[in-house]
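Here the protein sequences line up with chains A and W, keeping their order.
Just so you know, we're using the working numbering here: the first sequence kicks off at -16 and counts up by one.
Just so you know, we're using the working numbering here: the second sequence kicks off at 173 and counts up by one.
Even for Gly, the Cβ is constructed at its ideal location relative to N, Cα and C.
Owing to the predicted nature of the structure, the values given are computational and were not obtained by experimental measurement.
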Amino acid sequence: MSENVVVDDERIIEGLSEGQEWAVEALVDKYYGRIYNLAMSILRNESDAEEITQDVFMTVYEKIGSFKGDSALYSWMYRICVNACLMRLRSRKRTDAVSIEEFMPVFTEEGKHASQVQDWSPEVERRVLNKELGEVLRKFIGELPDKYRVVLVLSDVEGLSNEETAHILGLSIPAVKSRLHRARLYLRGRLEKYLTEGKLDS
Amino acid sequence: MNCRELINLLADYLDGSMDPELREELERHISMCEPCMNFLRTYDRTRIITRQVRIEEIPEEFRSRLKSFLLKKIREGRGAVDRYTSPQKGEGEE
């Protein structure tokens, strides 16, 4: 089968500009997993993620002529995907928005930790292959306000650099760093409560 | 550097973008401050474990469904264009 053959982006782009069907298939084979995963991480809903993935590929096909080539193809596709996801989120009524402040670390006036800080990282290590921990973490990520979640997903889930995340979202690097840090602090705080007190709710 | 300042620098510390002098100061603080050491460990572990949520099962049949959907759309679109540009024998006509 041809599905294991990964075609160069350049050839795919050329093929798409000529309207070649093999190029569409090659594009899907190469990127559908990444785009679906990204949409799924942001939207947390299978049918929405599928629909957005379809839209992303259709948009790439239709707009390939306007792809400048000054960034990687996947980075352009991520941008299309994130924008589509954000539009979808805006149309959804969110009732579960949380205040992330509650899970930020607290300090005394002199800037010292206001409460004890335990090291529960070995516990995470111990449960790393445990499905439940993954589920719990997905739930916590899903609770983040959108602007924090998209940054965390691109940076920590997808593993992109701050520069790439900033480029995709049209944000400054300091903005990306600050949102990423707060999103991590929130997850850290949530995990701490879950692992030390067994609490799943905020 | 106090604990609050240190916590705000953790991301820079972990991605290696911190200047060496500040790094040294941060490490000196951490070596003497157990809460910050524990915070660093749990912050870092959180960051690492987050990567794991990506490994989701992607429905394989979705790939073929996606391909059929796109090819159908493209053929329909092409048919419409062909009707305008080459009315005699368009590719899109079945």
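Beta carbon of residue i nearer than 7 Å to that of residue j
i, j, result
"Tyr131(A)", "Arg162(A)", "yes"
"Tyr44(A)", "Leu(-1)(A)", "yes"
"Ile124(A)", "Cys64(A)", "no"
"Val206(A)", "Glu126(A)", "Nothing can be reported for residue 206(A): it is not among the residues displayed for chain A, which extend from -16 to 185."
"Val7(A)", "Asn210(W)", "no"
"Ile47(A)", "Tyr169(A)", "no"
"Phe86(A)", "Gly142(A)", "no"
"Ile25(A)", "Val136(A)", "yes"
Partners in chain A for residue i, counting only beta-carbon separations shorter than 8 Å
i, result
"Ile202(W)", "The premise fails here: Ile202(W) is roughly 12 Å from chain A at the closest Cβ pair, so nothing lies under 8 Å."
"Tyr215(W)", "Arg167, Leu168 and Arg171"
"Glu177(W)", "Gly94"
"Arg219(W)", "Asp139 and Arg167"
"Arg250(W)", "Gly2"
"Pro192(W)", "Those do not exist, as Pro192(W) stays about 19 Å from chain A at its closest Cβ, beyond 8 Å."
Neighbourhood of residue i by C-beta distance below 7 Å, restricted to the same chain and skipping five residues each side
i, result
"Asp31(A)", "Arg71"
"Phe234(W)", "none"
"Leu182(W)", "Leu212 and Tyr215"
"Ala97(A)", "Val89, Phe90 and Thr91"
"Phe40(A)", "Leu10 and Val11"
"Lys176(A)", "Lys182"
"Ser(-15)(A)", "Any reading at Ser(-15)(A) must be qualified, since the residue scores a pLDDT of 46, below 50, and its modelled position is unreliable; no value is offered."
"Asp38(A)", "Ala67"
"Val(-11)(A)", "Lys13"
"Glu(-7)(A)", "none"
"Gly16(A)", "none"
"Ser58(A)", "Glu147, His150 and Ile151"
"Met173(W)", "Glu197, Leu198 and His201"
Rounded Cβ spacing between residue i and residue j (contact assumed at less than 8 Å)
i, j, result
"Leu198(W)", "Leu178(W)", "6 Å"
"Thr218(W)", "Leu183(A)", "With a Cβ gap of about 16 Å, Thr218(W) and Leu183(A) do not count as contacting."
"Thr222(W)", "Leu154(A)", "Contact flag wrong, Cβ pair sits at about 19 Å."
"Leu238(W)", "Val11(A)", "6 Å"
"Glu1(A)", "Leu243(W)", "Wrong, their Cβ atoms sit about 15 Å apart, outside the cutoff."
"Val225(W)", "Val159(A)", "Not quite, the Cβ-Cβ distance comes to about 19 Å (not below 8 Å), so this is no contact."
"Ile(-5)(A)", "Phe50(A)", "The pair is not a contact, with the Cβ atoms about 11 Å apart (cut-off 8 Å)."
"Leu69(A)", "Asp129(A)", "7 Å"
Close beta carbons around residue i, own chain, < 8 Å, minus the five adjacent residues each side
i, result
"Ser54(A)", "His150"
"Leu116(A)", "Val107 and Arg110"
"Leu178(A)", "Trp103, Glu106 and Val107"
"Pro259(W)", "With a pLDDT of only 49 at Pro259(W), under the threshold of 50, the placement of this residue in the model should not be trusted, and no figure is reported."
Sequence-distant residues of the same chain with beta carbon closer than 6 Å to residue i, five excluded per side
i, result
"Glu265(W)", "For Glu265(W), the pLDDT reaches just 42, beneath the cut-off of 50, and the residue's location in the model is therefore unreliable, leaving the point undetermined."
"Asp(-9)(A)", "none"
"Cys175(W)", "Cys208"
"Arg27(A)", "Gly125"
"Leu21(A)", "Cys64"
"Ser138(A)", "Thr148 and Leu163"
7 Å Cβ cut-off: residues of chain W touching residue i
i, result
"Ser103(A)", "Note on identity: in this sequence residue 103(A) is Trp, with Ser being the wrong assignment. Chain W residues near Trp103(A): Thr214."
"Ser30(A)", "Going along chain W, no residue has its Cβ under 7 Å from Ser30(A), so there is no contact; the nearest lies around 11 Å."
"Arg121(A)", "Val225"
"Lys160(A)", "Ala183"
"Thr36(A)", "Leu238"
"Leu154(A)", "Neighbours of Leu154(A) on chain W: none; closest Cβ ~15 Å, over 7 Å."
"Tyr177(A)", "Near Tyr177(A) there are no residues of chain W at all, since even the closest Cβ is about 11 Å away, more than 7 Å."
"Val107(A)", "Arg217 and Ile221"
Under 8 Å by beta carbon: chain W residues contacting residue i
i, result
"His164(A)", "Asn180, Leu182 and Ala183"
"Glu4(A)", "Leu243 and Ile246"
"Phe40(A)", "Leu238 and Leu242"
"Gly125(A)", "The premise fails here: Gly125(A) is roughly 10 Å from chain W at the closest Cβ pair, so nothing lies under 8 Å."
"Phe86(A)", "The contacting residues do not exist; Phe86(A) stays about 11 Å from chain W at best."
Under 9 Å by beta carbon: chain W residues contacting residue i
i, result
"Gly16(A)", "Ile230 and Arg235"
"Glu8(A)", "Lys239, Leu242 and Leu243"
"Phe90(A)", "Asn174, Cys175, Arg176 and Ile179"
* Asked: Which ranges does the alpha helix (DSSP H) cover as unbroken runs of at least 4 residues, wholly within the segment -4 to 35 of chain A, from first to last along the chain?
  -> DSSP runs (the alpha helix (DSSP H)) wholly in the segment -4 to 35 of chain A: 4 to 26.
* To do: Tell me the start and end of each unbroken alpha helix (DSSP H) in the segment 176 to 257 of chain W that is at least 4 residues and wholly inside, in chain order.
  => 182 to 187, 192 to 204, 206 to 222 and 232 to 257
* **Whole runs of the alpha helix (DSSP H) within the segment 73 to 111 of chain A, excluding any shorter than 4 residues** => 104 to 109
* Taking only runs that begin and end inside the segment 105 to 163 of chain A, name each unbroken alpha helix (DSSP H) of 4 or more residues, in chain order. => 114 to 126, 129 to 135 and 145 to 152
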